[in-house]
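The numbers in our numbering rise by one with no breaks, and the one at position 2 of the sequence shown is 28.
Glycine included, C-beta positions come from ideal geometry on N, C-alpha and C.
These numbers come from a predicted model, not from an experiment.
Data first, discussion second: the structure below is written as structure tokens.
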Amino acid sequence: MKEKLIQNNSDELIIFLSGWGCDDVQFKNIASSRDVLLCWDYTDLQFSFDFSNYKKCYLIAFSAGVFVAGLIQNLLPKTELKIAVNGNPLFIDPYYGIPQNIRQIFKDLSLDNYMDFRREYLVFDDEEFEYFNNHSPQRTFESCFEEINKLENYAAHSNAVMDFDCAILSDNDKIFIPSRQKEYFQGKYKILHNVAHNVFYHFKNLDDLITFVQ
27 MKEKLIQNNS DELIIFLSGW GCDDVQFKNI ASSRDVLLCW DYTDLQFSFD FSNYKKCYLI
87 AFSAGVFVAG LIQNLLPKTE LKIAVNGNPL FIDPYYGIPQ NIRQIFKDLS LDNYMDFRRE
147 YLVFDDEEFE YFNNHSPQRT FESCFEEINK LENYAAHSNA VMDFDCAILS DNDKIFIPSR
207 QKEYFQGKYK ILHNVAHNVF YHFKNLDDLI TFVQ
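So this is what it looks like as structure tokens:
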């Protein structure tokens with residue numbers, strides 16, 4: 027796992043577990059009054075951050091990061107709030123997880139179809155598409171393919187799940203099926219309307235996202 031600490035001279039920390047295929051370039055403009063520990067690339071789960079300098083920690087897990095949170099929960103500190111964003115702890119579950127045909131689309135990405143994938147599955151409109159392309163991850167297809175295979179392997183050999191305090195779900199998510207996520211989180215969720223898988227264009231910053239669920 028890769029990590030980057032965004033420092034704001036705060037004694038509070040947001041642990042941000044990003045999704046499959048993400049990197050620090052994609053979230054380099056992520057904002058908060060708190061410090062932010064940005065995590066990505068789950069081809070390994072080595073994690074050794076020192077949380078002792080922080081009085082309060084918050085967890086925001088996005089997409090595949092919702093699943094990864096369960097795998098590393100024994101390495102995480104006590105948190106004030108654990109928020110799942112358009113993801114599920116049961117990553118490859120045939121009902122609650124990412125459908126197999128969507129995971130196959132991940133594995134079939136190429137230069138010929140990557141832009142179509144972004145527009146169809148990750149963003150809601152052309153404005154979001156343009157912003158995404160201007161702040162797009164810089165990872166290779168090979169690293170992304172390795173990551174999805176590792177995630178599937180973790181899921182096949184682990185039953186670890188994290189109990190989240192709240193979930194943020196998009197009604198236009200095409201990666202995780204929204205109706206099934208509503209069932210899974212059983213009322214502990216808030217819905218964003220006319221929003222696709224990537225919700226972060228709809229909040230001023232991560233503090234705003236935390237306030238949204240409180």
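Assuming residue i is part of the beta strand (DSSP E), what are its boundary residues?
i: Asp138; result: Run containing Asp138: none; DSSP gives neither H nor E here.
Indicate whether residue i and residue j have their beta-carbon atoms separated by less than 8 Å.
i: Ile41; j: Tyr84; result: yes
i: Asn112; j: Tyr210; result: no
i: Leu235; j: Ile217; result: no
i: Leu71; j: Glu29; result: no
i: Asn34; j: Ser58; result: yes
i: Ile5; j: His223; result: Because the chain is modelled from 27 through 240, residue 5 falls outside the range shown and cannot be assessed.
i: Trp46; j: Phe132; result: yes
i: Leu43; j: Ala87; result: yes
i: Lys18; j: Glu38; result: The structure shown does not extend to residue 18, since the chain spans only 27 to 240, so no value can be given for it.
i: Gln164; j: Asp49; result: yes
Name the two residues that bound the continuous alpha helix (DSSP H) containing residue i.
i: Ser205; result: 204 to 211
i: Glu154; result: 152 to 160
i: His183; result: 167 to 183
i: Leu148; result: Unbroken run through Leu148: none, as it is neither H nor E.
i: Leu232; result: 232 to 239
To which residues does DSSP link residue i through a beta bridge?
i: Gln215; result: Inspection of the sequence shows that residue 215 is occupied by Tyr rather than by Gln. According to DSSP, which records beta bridges pairwise, Tyr215 is partnered with Ala193.
i: Val111; result: Phe88, Ile194
Touch test, the segment 88 to 98 against the segment 169 to 186, Cβ-Cβ under 8 Å, three pairs minimum: yes
Does the segment 220 to 231 touch the segment 145 to 165, meaning 3 or more C-beta pairs lie closer than 8 Å? yes
Length-filtered (3 minimum) beta strand (DSSP E) runs lying within the segment 27 to 81: Those beta strand (DSSP E) runs which fall completely within the segment 27 to 81 and span 3+ residues are 28 to 32, 38 to 43, 61 to 66.
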